Structures are given as C-alpha cells and as structure tokens.
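Take a look at the structure below.
Protein chains: 2
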Amino acid sequence: MSSPITIKDIAKALNISASTVSRALKDHPDISRETKEAVNTLAAKLRYKPNAVALSLKNSKTNTIGVIIPEVVHYFFSSVISGIEDVAYEAGYNVMVCQSNEKYAREVINVQALESNRVEGALVSVSKETHDFSHLLNLEENGVPIVFFDRAPEELDVDRVIIDDRKAAYNATTHLIETGCKRIAHLSTHQTLGIGFERLAGYRKALEDHGIPYREDLVVVADSFELAGDATRNLMHLPSPPDAIFAVNDMTAVGAMKTLQRMSIAVPQKVAIIGFSAGFFSDITTPTLSSVDQHGYEMGVEAAKLLLQRIEIPVEGKHKTQFIDTHLVLRESTKRKN
Amino acid sequence: MSSPITIKDIAKALNISASTVSRALKDHPDISRETKEAVNTLAAKLRYKPNAVALSLKNSKTNTIGVIIPEVVHYFFSSVISGIEDVAYEAGYNVMVCQSNEKYAREVINVQALESNRVEGALVSVSKETHDFSHLLNLEENGVPIVFFDRAPEELDVDRVIIDDRKAAYNATTHLIETGCKRIAHLSTHQTLGIGFERLAGYRKALEDHGIPYREDLVVVADSFELAGDATRNLMHLPSPPDAIFAVNDMTAVGAMKTLQRMSIAVPQKVAIIGFSAGFFSDITTPTLSSVDQHGYEMGVEAAKLLLQRIEIPVEGKHKTQFIDTHLVLRESTKRKN
DNA sequence: AAATGTTTCGCAATCGTTTGCGGTTACGTT
DNA sequence: AACGTAACCGCAAACGATTGCGAAACATTT
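If you're matching them up, the sequences are chains A and B in order. In our numbering, each number is its position in the first sequence, counted from 1, plus 342. In our numbering, each number is its position in the second sequence, counted from 1, plus 342.
Structure (structure tokens):
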C-alpha cells in the first residue's frame, strides 16, 4: 500500500461517513456498538494510524518541541538530549533536534525551521558565535516559549536552566587550594560566553577568599583538547609555573593532562588538574580526572519540564532562572585533603 | 501575537484573496507587480512564515525523516546523528530523533510515532532486545523506506549501511598476532546481535589463518565497562592467561585496561589491547587505545544519502548493503610490528 | 463596433480529521 | 393515527496553503 490508510478509506469500505468513523474510533456515545465494532476491527486490520499532520493542522497543536544545540557529538549535550527526550516522550511530545554546529547563521536557519514546523516550544543552547539574540527573541514574541539551557544569553529576561558556574568554579578552585596548591592556572574560554565569564569569576573569588594573589599570566583562553596542549606547555615554561590547573571543560583538562605526562610532570603530585563537565571519559584517563559534574541528563529533564510548563501556561511576568546542582567528583588527578 | 500570521491575514489586510497572496509570494506570472510588492512587503513586515504543517498535509510530503537509535549518549551514535543531520539539512529535511533506550517495547512505540508523523523514511539501529522485526517491516510495507545502520537484522532483505565487522575483526586480531601475541582473548557481545556474531567470526578466522588454535575459555561475553572488569580478572587467573585482548567495543576495552592496570599488568607489554569503535576517548586513556575506527559520521552520511535516494525512487527489486570502510587506529595499547 | 486577446484575480476543491448542528430512522406513547 | 423522543448518523465547515479553472476588466485587432 503506497498511501497510508485514512478515515475515509474506512468510511468508504463500511459505507458510512467519515464523521462516524472518527466518532466510533474515539468511543463517542452517539455511535452504536455494532458500528464501533465494525470500525475498530477494520481499523485494526488495515493498521490505521491517525495522521498526526492533519491533527496538528486541525488542532493547531503539533505536540512537538524543538531543540537547538551546538553539536550532538558531545557527551554533555547528548546527555541533555537524553533527558529532554525522556520527559517529552512521557508527555506525548516529539522532539525535533537541530544542530547549529556553533554557527550563528545556521542557528538562525534552525529557528526558522522550528517556527515553520510550528513547534510549541524550544530548548536552546546558543552557539559560540551568537551575540545577537533577536532571532530567538522574535520566536518567543511569536508565542513560542523558549527555555535556554547551559549557554544562555546574559542579562536578558528569559527562562534558563543552568548551573551556578561561578559557585562551581569557586568550589573547584577552593578544592585545589585546600589540597595545598598555591599557583593555580585557569584554562578558560571566551568571556563573551557567559560560562567563561562566570567560571573565571568564581576562580578569582576563590583565590581572593583564600588570600592568593590573582596572576594574569596563569589565565589562558584554551577551550579544546588541542589548544590545551600549547597553553599548558607555555604555562610550564613560565618562571613560576603552576602547580594546579582548573580547566573550563574536560576535554581541555585531558589535553593538559596528556601534555604534562608527555613532559614527564607527575599528575597530581607536581600539577593537579580539575576539569568541568564530568563527561564519562573522566573515568578512563590515567589518572582519572577530577571534575565538576554538570548533570547533563538532569539539566535536560528540568529544562524540558519547565518548557512544557510554559507551553501549558505562558509566562506571567518575569522569567525564571533555575540552577542545576553541581558537585565535585574527586578522582585521582587532584590531591587529597589531609 | 499569539497565533502565527497566515496567508489569510495578509489577504484580509490587503483586501485580496488568499490565492492571490499565495501566488504573489511565489512570484507567479499571473500576479501584477504592484500586488506582489504589496504582499511581499507586508509578509516581511508581519514576519510571515509558511505553515509547514499545512504544506505537509496538502502535499502529503512532510520533509521529515525519522531516526531510531538505542541511545544518543554514545559517541558513536551521536556522531552518526551528526552525519545524518548534515545530509538531511542539506536536502531540506528535518530530523525526528527517537531513542529506544535499548527497549523493544519502546522501539515499537517509536515506530508508531514515526508512522503517525508521516516521516518519509527512517534510519534505524535496532535495540539489543529486538529479535522480532515485524514492526519495522510493516512500516516499510506501508511505504516508508528504512535504512538500517550499524545494527541491522540479519538475513532479511533490507537496506543497510554497516561496517564489515568480520573483516574489521579479522584485521584487528591479525594485528595482534603480527605483533607477537599468541593467546588472544575476545570480549564479545551476544551472538544474536549480528555484530557479535560477525566479530567473533572474524576473530576466529584470523586465528585459523595464522595457525593459532581457538580456545573457548578465551572468549567471554562482556560488552560494557563494568562487565569487562570481571571478565578480565577471570581471564588473567586462567592457567594460561591471554597476552592480548580484542574487545568488542571501546568501553569494554577500557574496562579491561583499567582492570589490568589495577592488577599491575603492563599494557601492552604483558597484555596488548585493541578496541572497536574509536570513540574519541581512545585518545585520552593511558596508554592510548588502539581501536577499529567505525567512522560514525560517515556512516550517518551514507545512510542518510541512501535513504533520501530511496525516498526519491522506491526500491526496485532487492535491497542494498553498503559497507563503510574501517581502519585500524594503532596507538599505544598494542605493540609495534618489527 | 465587434471580436479576440491579455492581464489579473477569485472560487472552490483538496489534503485528513474533528465537531456542531441538523436530519433520519424506529420505537413508544397518548 | 398522530406525535414525541431517543438513538444514530451525515453534512459541512474548519485548520493553512495550493492550483485548475473560470471570470472579470481592459487593451488590441480587424
């Protein structure tokens, strides 16, 4: 059968009207038992499946939410998706996933795709290139609620589910300090990204609260496996090299660790390392990597829940910022407290 | 504006008919220049976006393909998705992603969701629990082409994009043999899974071709990080323990590696290890992990391409099996040839 | 001046489903 | 015999966009 079975097919076969079939299928009291039985058995036999497209049009309800993320190929983002998927599935929603590939232009196109497809809400983590949020704000103005997660525009009145980056960074840095590290480097990311800004701020605050002077030469923008290598080499050639590194994410931390090992510098004895994100591969490095667990799955769950809530009842007044708890996962790349 | 702008809104505002607006928007010659301009400027001003749902219904064409995978949270699967996404995007298709979470029941529901949403084709990698494929075959009978990737039903006439598991396993095993290993263990997965069967077959063939006897006690079903630990411990307590391990995937390989290290057994000197899948974390273990690169992204690309082709021109006759090239990525967990 | 052509646009049907309203039976009641 | 009333069911409109066909309005030709 090339074209799917419709209600009309059933109606024609049974010599009744489409409306009767429709009502019979949903057990409407107006329909006699015999008719219902006939319809139901034929529908089952023909494997009738209601056309969700037609329903969407009729009800102006697509039961679909959109997701825009930079790249699926990151443990963190894919675990967020997993959380989103589970919540959406439970609530009878479908998920449309779009990747921006960290490109602003593509993100704009993604937004249009979501809007054309009449998604009822969107979950967005913006690309690194995105500094103008008008495409997203327009979407929201047009009645599509948005919940930002992880990477959210600063200082805008939007719903967001994020971690308390500053606090998490503060805790990570503090742990390094408490285990005896004095010269703590920070491999950071661009300050425009919010998380870059916040994590640096937490790092600085921790230093300050413990009476350790802030050194500009110990803070480097390096947010990938490759960049971390160069940055680490440079850091270690400083007159006063670091004895600990707080990296803005795990890939960066691993890049640093690998480089240190290649330089025969013992981790954590000579240089301790702590990462951010707790991708599951923090388990498999040697030494295993201490990290800040961002709870991606949970973030997905909470973001999706908030979005569904916004779909039910549009925001009244100001939006909400929800924090996901982080916690330090202490493994072998940092020293122990004594 | 709560409800999106429609063609009728524009028509009403301009005191013309909806048909004229429609034609004006697509530059139909029947429409005068002035009308076109008026329509276009108003459409732009109101940020009119065509309703993809209505178009889908009208054209019986949703421009959407469905993807069913066990879990997004695997580097391999998310890289496949990435490949699919890129091809789909290029061709103007949307992607609907569903996770089976390795459950047969949920996979069935996923299929229904895809069918209800009238996807034009599906890309499927079946769950571990799936032994009955009728839900998928029904879908295909109803005119929705399916391309299976990675995990495809055996001995069924379906389209599939897979790697040559047997050959890849053969190569991996052969490399271990050529670097001097004599007692090669295989951490395998269930034989029902096809890839389990094929990889074991390749492993056996390699042994055979090199005159090494097959030992049942060296083949264990263990296909996760945790299971690999126990299995490896048992293997090493054998009277004649292995001097190499070929693992069915990277997580398993890393589990084995970690366990060996905990037992103070040198890798690769005492026991060499080779994995399968080349998740990017094979780079970050110490020693780095030799592995068979499955080229997930490319698999996604090829599977999507094949699917789009099937959507254009339905299969005439028998289906196609397409192999993605694999290659050995030799790193530090195996010895070098001399 | 009549006939033909050209330009520009609207009507209505269609995709599949739902639903208010009205219509047709059959049955019972007076 | 005439009427009321359930019990069942169909008509048609609606969701938004497209498109064949017909129809005005105006211009051109003979």
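Beta carbons are placed, not taken as given, at the ideal position from N, Cα and C, and that holds for glycine. Please read these numbers as outputs of a predicted model, since none were measured by experiment.
Contact set for residue i: own chain, Cβ-Cβ below 7 angstroms, skip 5 residues either direction
i: ASP372(A); result: ARG365
i: MET685(B); result: What is shown of chain B runs 343 to 680, which leaves residue 685(B) out entirely.
i: ASN513(B); result: LEU670
i: ILE505(A); result: GLN636, PHE665, ILE666, THR668
i: ALA543(A); result: ARG508
i: MET641(B); result: VAL422, GLY425, PHE491, ASP492, VAL503, ILE666
i: LYS350(B); result: ALA360
i: LYS660(B); result: ASP499
i: GLU471(B); result: GLU444, LYS445, TYR446
i: THR521(A); result: ALA614, THR676, LYS677, ARG678, LYS679
Contacts around residue i, its chain only, beta-carbon distance under 6 angstroms, and the 5 residues preceding and following it disregarded
i: LEU672(B); result: SER632
i: GLY597(B); result: PHE567, ALA570, GLY571
i: LEU456(B); result: GLY408, ALA464
i: GLU427(A); result: VAL437
i: GLN533(B); result: PHE539
i: ARG493(A); result: SER467, VAL468
i: SER398(A); result: THR404
i: PRO346(A); result: none
i: PRO610(A); result: SER675, THR676, LYS677
i: ILE537(B); result: ASP507
i: VAL643(B); result: GLY425, VAL429
i: VAL453(B); result: HIS477, LEU481
Amino acids of chain A, ordered along the chain, whose beta-carbon sits closer than 7 angstroms to that of residue i
i: ILE587(B); result: Per Cβ cutoff of 7 angstroms: no residues; ILE587(B) is ~16 angstroms from chain A at best.
i: SER421(B); result: VAL415
i: VAL596(B); result: ILE626
i: LYS368(B); result: Going along chain A, no residue has its Cβ under 7 angstroms from LYS368(B), so there is no contact; the nearest lies around 15 angstroms.
i: LYS677(B); result: Residues of chain A passing the Cβ test: none, with the nearest at roughly 19 angstroms.
Listed by chain order, chain B residues near residue i by CB distance under 8 angstroms
i: GLU432(A); result: In chain order: nothing, as chain B lies at least about 11 angstroms away.
i: ARG460(A); result: PRO346, ASN393, ALA394, VAL395
i: ARG389(A); result: ASN480, ASN484
i: LYS305(A); result: No answer is possible for residue 305(A): it lies beyond the span of chain A, which begins at 343 and ends at 680.
Run of the alpha helix (DSSP H) containing residue i, from where it starts to where it stops
i: VAL468(B); result: Unbroken run through VAL468(B): none, as it is neither H nor E.
i: LEU670(A); result: Segment 669-671 is the beta strand (DSSP E) holding LEU670(A); no alpha helix (DSSP H) there.
i: ILE423(B); result: 417-432
i: LYS350(A); result: 349-356
i: LYS400(A); result: 394-401
i: VAL453(A); result: 446-458
i: VAL657(B); result: From DSSP, VAL657(B) is part of no alpha helix (DSSP H); its letter is neither H nor E.
i: ARG365(B); result: 360-367
Beta-carbon proximity list for residue i, same chain, < 8 angstroms, skipping 5 on both sides
i: ILE695(A); result: Nothing about residue 695(A) can be read from this structure; chain A reaches only from 343 to 680.
i: LYS354(A); result: none
i: HIS552(B); result: THR516, ILE519
i: LEU648(B); result: VAL489, ASP501, VAL503, LYS662, GLN664
i: VAL414(A); result: SER420, ILE423, VAL439, GLN441
Where residue i meets chain A, residues with beta-carbon distance less than 8 angstroms
i: SER424(B); result: GLU413, VAL414, VAL415, GLN441
i: PRO487(B); result: Neighbours of PRO487(B) on chain A: none; closest Cβ ~12 angstroms, over 8 angstroms.
i: THR404(B); result: VAL395
i: GLU427(B); result: VAL414, VAL439, CYS440, GLN441
i: ILE546(B); result: Position check: residue 546(B) holds Arg in this sequence, whereas Ile was assumed. Neighbours of ARG546(B) on chain A: none; closest Cβ ~29 angstroms, over 8 angstroms.
Unbroken beta strand (DSSP E) run spanning residue i, endpoints
i: GLN651(B); result: Premise fails: GLN651(B) lies in the alpha helix (DSSP H), 638-654, not in any beta strand (DSSP E).
i: ASN382(A); result: No beta strand (DSSP E) holds ASN382(A); the alpha helix (DSSP H) holding it covers 375-388.
i: THR406(A); result: 406-411
i: THR521(A); result: Neither: THR521(A) is in no beta strand (DSSP E) and is coded neither H nor E.
i: GLN611(A); result: Run containing GLN611(A): none; DSSP gives neither H nor E here.
i: VAL437(B); result: 436-441
For residue i, the residue or residues it bridges with in DSSP
i: GLY617(A); result: SER633(A)
i: LEU529(A); result: VAL562(A), ALA589(A)
i: SER664(B); result: Sequence check: residue 664(B) is Gln here, not Ser. DSSP output for GLN664(B) lists VAL503(B) as bridge partner(s).
Proximal chain B residues relative to residue i, where beta-carbon distance stays under 9 angstroms
i: LEU760(A); result: Lying before the first or after the last residue shown, residue 760(A) is absent from chain A, which here runs from 343 to 680.
i: ARG557(A); result: Going along chain B, no residue has its Cβ under 9 angstroms from ARG557(A), so there is no contact; the nearest lies around 28 angstroms.
i: LYS509(A); result: Here the premise fails: no neighbours, minimum Cβ distance about 26 angstroms.
Contact set between residue i and chain B, taken where Cβ atoms lie within less than 7 angstroms
i: ALA455(A); result: ASN436
9 angstroms Cβ cut-off: residues of chain A touching residue i
i: GLN603(B); result: THR628
i: ARG673(B); result: None at all; the shortest Cβ gap to chain A is about 12 angstroms.
Which runs of the beta strand (DSSP E), 3 residues or longer, sit entirely within the region 531-604 of chain A? Counting only runs of at least 3 residues, the region 531-604 of chain A fully encloses the following beta strand (DSSP E) elements, listed from N- to C-terminal order: 561-563, 586-589.
Just to confirm the assignment: which complete alpha helix (DSSP H) runs, minimum length 4, are found wholly within the region 470-517 of chain A? Taking only runs of at least 4 residues, the alpha helix (DSSP H) segments lying wholly in the region 470-517 of chain A are 476-483.
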